[in-house]
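**Q** Count along the sequence shown from 1, add 13, and you get the number used in the working numbering. The beta carbon of each residue, even a glycine, is placed where N, CA and C say it ideally should be. Because the structure is a prediction, the values reported are computed rather than measured.
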Amino acid sequence: MPDYHAPIEDMRFVLNELAGLQDIAQMPGFEEATPDVVDAILDEAGKLAGEVLAPLNHIGDRQGCVLENGVVRTPEGFKDAYRQYVQSGWNALPFEPEFGGQGLPWVVAQAIQEMWNSANMSFALCPLLNVGAVELLQVHGSPDQQATYLPKMVSGEWTGTMNLTEPQAGSDVGAAKTRAVKDGEAYRITGQKIYITYGEHDFTDNIVHMVLARTPDAPAGTKGISLFIVPKYLPKEDGSAGERNDLRCVSIEHKLGINASPTCTMAYGDNGGAVGFLVGEENRGIEYMFTMMNNARLSVGVQGVAIAERAYQQALAYARERVQGRPVDGSSKQAVPIIRHPDVRRTLMTMRARTEAARALAYVTAGALDHARRHPDEAVRRDHQINRLELLTPVVKAWCTDLGCEVASQGMQVHGGMGFIEETGAAQHYRDARITPIYEGTNGIQAMDLIGRKVLRRKAEPVRDLTADMKQTVERLRGANGEDLPALGAGLKEAVETVEKATDWLMEAEARDPAEPGAGAAPYLDMLGGVTAGWLMARGAEAAARRLAENGVGDQRFLRAKIVTARYYADNLLPHALASANSAMKGSKGVLALDEDAF
């Protein structure tokens, strides 16, 4: 299998030039995130990803997980890799120091998370869900719950899960039937949950499940859902794992991809009821769980970036070594590496530009999370929370994961017939990527969330704020020297106008027929993601040009490549985003026109 090398130079560029890491490092609590520290963290994480996790990716895919007598055995090498990951302190990176965390910015943690997922997405899913569970308890857990669980979950000694889905409910969490009956200071939990990532495994001696359940007198729907901590082993007073709780994994799914990640069906209460501990108040479980879900949605978007990067690296390596066909310009009568063929070059440039654009979008959104939490000015915190983080989280989740699937598919195409053969590993990236548009809320749900909660409910103010920033960039680019930056400015100007036009349509359509915006939601999200990413690519080109003018501060080949890639995005990919806007505005009526009996 081809090696994985973390794209540290581009990560560092995006962190510093687009995500505002230098400003974030000035905020209270982030003072340790100096450039030297962050560079060292990126370098060391890249080593673990490339040398330890990546070599296990194909092994894990081939071996999968095995359920024996209620215990899940992970593939060869995974348990040892997790031990190295925990012992090196990686699990604690973004968490609060009071619970043993290192207190580093989330934007840095997301860059590291990209490495784990590029190297071995199945492995990375375990810490990814644990991050969300820790976040949930930090925000909503009681002091006793935090003292009991957070130190071990922050260190990685224990891991956390998310238990939402039930067989009869699917994405309709309000239809959940898992019951919680009060029993003294605790509750007895009975029911079944499906699709529980790392619901059972052999990495740790305890697993802490975050379970949604309904109390006997709860109202119907999502308003009657409560949240409970249900550990595999009940903690003893000294904090260690004690008596086994009444829960078990009854099966693991046989999946298209992420085969080394155990996706479990969990049964609670077969012998009287699993002991669960209420988080916060009854009937507020969905509210609390959204803390975990939004964290996971941003992380899943990063998975899309990660799998795109891995597929691109593998396709590039193959294109350089695969010799086939003579050059079209007749410069040689000998066969040449396929990277010299124009169509292969086009495919590689598309993969490269999409991946860099998605990375910029994901990191900038993670930077907004840091600003929303730590900036000393309340107005600035609120601005980043509403106008960037909340607006762009569904976009990152959906746009980046759709892109990850597309880039992985293009990677198979570069390999030709060999891409369809499992031995090359190209197909695994596509199979692994395909779950990302589905879990943590399908991308259709993300699109509905975007237009409903983030645009229509807020009278489009967050989008207007975003396009105002884009217009400032347009003005700078149009007045720049040379050919590339003004061309980027012209393309971005048209794109911003298209976003404004589509947003106006959305507001008008909602007033006419509430179903019409829903029919155009997915292409609207695709437009907003594509244009926002294009804006960030243009800003990256602007920064690269500035560095080149400053006597080439940085690697000149890298900086020139940033400008070329941004221009490629603007000329070849940004028009697709504008076409999505047209689809949203004109194509939505066709979505609803056909009677359902005629399908």
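1) Does the count of Cβ pairs from the region 231 to 249 and the region 49 to 65 closer than 8 angstroms reach three?
2) May I ask which residues mark the beginning and end of the beta strand (DSSP E) holding ILE21?
3) Could you tell me which whole alpha helix (DSSP H) segments of length 4 or greater appear in the region 414 to 493?
4) Cα separation between GLU64 and ARG477?
5) Measuring only the C-alpha atoms, how far is LYS467 from GLY285?
6) Do VAL292 and ALA199 have their C-beta atoms within less than 7 angstroms of each other?
7) Which parts of the region 543 to 605 are runs of the alpha helix (DSSP H), unbroken and 4 residues or longer, counting only runs that do not cross its ends?
8) Run through the DSSP bridge pairs and tell me what GLY173 is partnered with.
9) Report yes or no: do three or more beta-carbon pairs, one from the region 433 to 450 and one from the region 308 to 324, lie closer than 8 angstroms?
10) Measure the C-alpha to C-alpha separation of PRO244 and CYS277 and round it to an integer number of angstroms.
11) Note the first and the last residue of the continuous beta strand (DSSP E) segment covering THR278.
12) Please identify the residue among GLN459, ILE451, GLY430, THR455 whose C-alpha is closest to the C-alpha of THR406.
13) Please work out which residues of its chain come closer than 8 angstroms, Cβ to Cβ, to LEU269, disregarding the five sequence neighbours upstream and downstream, and give them in chain order.
14) Please list, in chain order, all residues of the same chain as GLU148 whose beta carbon is under 7 angstroms from its beta carbon, the five residues on each side excluded.
15) Measuring only the C-alpha atoms, how far is ILE645 from ASP497?
16) Identify the continuous beta strand (DSSP E) that holds PHE290 and give its terminal residues.
17) In angstroms, rounded to a whole number, what distance separates the CA positions of ARG386 and GLY432?
18) Alpha carbon to alpha carbon, how far is GLY543 from ALA611? Give it in angstroms, no decimals.
19) Expressed to the nearest angstrom, what Euclidean distance is found between the alpha-carbon atoms of MET302 and LEU240?
20) If you draw a straight line from the alpha carbon of GLY502 to that of THR511, how long is it in whole angstroms?
21) Are there 16 or more other CB atoms within 10 angstroms of the CB of GLU521, so buried, or fewer, so exposed?
22) Can you confirm whether the region 206 to 217 touches the region 332 to 344 when touching is taken to mean that 3 or more C-beta pairs between the two stretches lie within less than 8 angstroms?
23) Hey, how far is the Cα of ILE464 from the Cα of ARG573?
24) My parser needs the beta strand (DSSP E) runs of 3 or more residues fully inside the region 69 to 142; what are they?
25) So which of LEU505, LYS472, ASN494 has the shortest CA-CA distance to ASP517?
26) For ASP218, count neighbouring Cβ atoms within 10 angstroms of its own Cβ and tell me buried if that reaches 16, exposed if not.
27) Quick one: Cα of ARG372 to Cα of VAL194, how far?
28) Mind checking whether ALA62 and MET128 have CB atoms under 7 angstroms apart?
29) How big is the Cα-Cα spacing for THR360 and ALA532?
30) Within its chain, find whatever has a CB closer than 7 angstroms to the CB of PRO20; leave out the 5 residues flanking it on each side and keep chain order.
31) Enumerated in chain order, which unbroken segments of the alpha helix (DSSP H) with a length of 4 residues or greater are wholly contained in the region 376 to 410?
32) For the alpha helix (DSSP H) containing PRO41, name the first residue and the last one.
33) Kindly indicate which three-state DSSP category PHE216 falls into: helix, strand or coil?
34) For the ligand FAD, is there any heavy atom lying closer than 6 angstroms to the beta carbon of ARG335?
35) GLN205 bridges to which residues according to DSSP?
36) Whose C-beta lies closer than 7 angstroms to the C-beta of ARG552 among residues of the same chain, with five residues either side of it excluded?
**A** A quick look at the data gives this:
1) no
2) Looking at the DSSP string, ILE21 is not in any beta strand (DSSP E); the run it does join, the alpha helix (DSSP H), is 21 to 30.
3) 439 to 446, 456 to 462, 474 to 491
4) 45 angstroms
5) 43 angstroms
6) no
7) Complete alpha helix (DSSP H) runs here, min 4: 569 to 581.
8) VAL221
9) yes
10) 15 angstroms
11) 276 to 281
12) GLN459
13) ARG444, ARG447, ILE448
14) THR304, MET305, ASN308
15) There is simply no residue 645 to check, as the chain begins at 14 and stops at 612 in what is shown.
16) 287 to 291
17) 44 angstroms
18) 34 angstroms
19) 7 angstroms
20) Roughly 14 angstroms between the two C-alpha positions.
21) exposed
22) Result no; under three Cβ-Cβ pairs closer than 8 angstroms.
23) 37 angstroms
24) 79 to 81, 84 to 86
25) LYS472
26) Flag for ASP218 reads exposed.
27) 45 angstroms
28) yes
29) 31 angstroms
30) GLU322
31) 391 to 397
32) Segment: none, PRO41 is in no alpha helix (DSSP H) and carries neither H nor E.
33) coil
34) Among the ligands in the structure shown, none appear at all, so the ligand FAD cannot be discussed.
35) ALA280
36) LEU31, THR486
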